[in-house]
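Enquirer: Quick one: structure below, then a few questions.
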């Protein structure tokens with residue numbers, strides 16, 4: 001069972017694409033979002049706890065966030081559908097522009 005200090009925990013989070021510094025990680029630890037063991041004034045974080053945090057943070061704000069009610073899930077899914085429809089329209093417009101630029105006639 002590996003443990004990480006604050007700097008190592010921050011580096012591991014960076015390797016997963018988190019944009020954070022040691023101050024932010026320390027804040028997450030003090031809030032209890034990342035569970036740790038205090039050892040002589042320094043934090044030690046279990047490796048599995050970092051992975052648990054990464055997994056829970058990954059779904060935060062989505063319909064798959066742990067502990068949200070069904071109504072919130074539905075609202076978030078509907079919002080995602082709306083956003084995806086907007087992306088489709090934007091991509092179709094971009095495709096039409098590129099086809100026009102290349103002289104490709106629509107079927």
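In full-length UniProt numbering, the protein residues as written are 1 to 107.
Ideal Cβ placement from N, Cα and C applies to all residues, glycine included.
1) Nearest CA to the CA of residue 14: which residue from 61, 54, 81?
2) Looking at the structure shown, is residue 44 part of a helix, part of a strand, or coil, going by DSSP?
3) Run the CB neighbour count on residue 64, radius 10 Å, all protein chains shown included, and call it buried at 16 or more, exposed below.
4) Rounding to the nearest angstrom, what Cα-Cα distance links residue 81 and residue 106 in this structure?
5) So residue 5 and residue 42 are in contact, right, with Cβ under 8 Å, and what is the actual spacing, rounded?
6) Could you tell me which residues DSSP puts in a beta bridge with residue 53?
Expert: To lay it out plainly:
1) 54
2) Note: residue 44 maps to strand in three-state DSSP.
3) By the neighbour-count rule (16 or more Cβ atoms within 10 Å), residue 64 is not buried but exposed.
4) 27 Å
5) 6 Å
6) Answer is none; residue 53 lacks a bridge partner.
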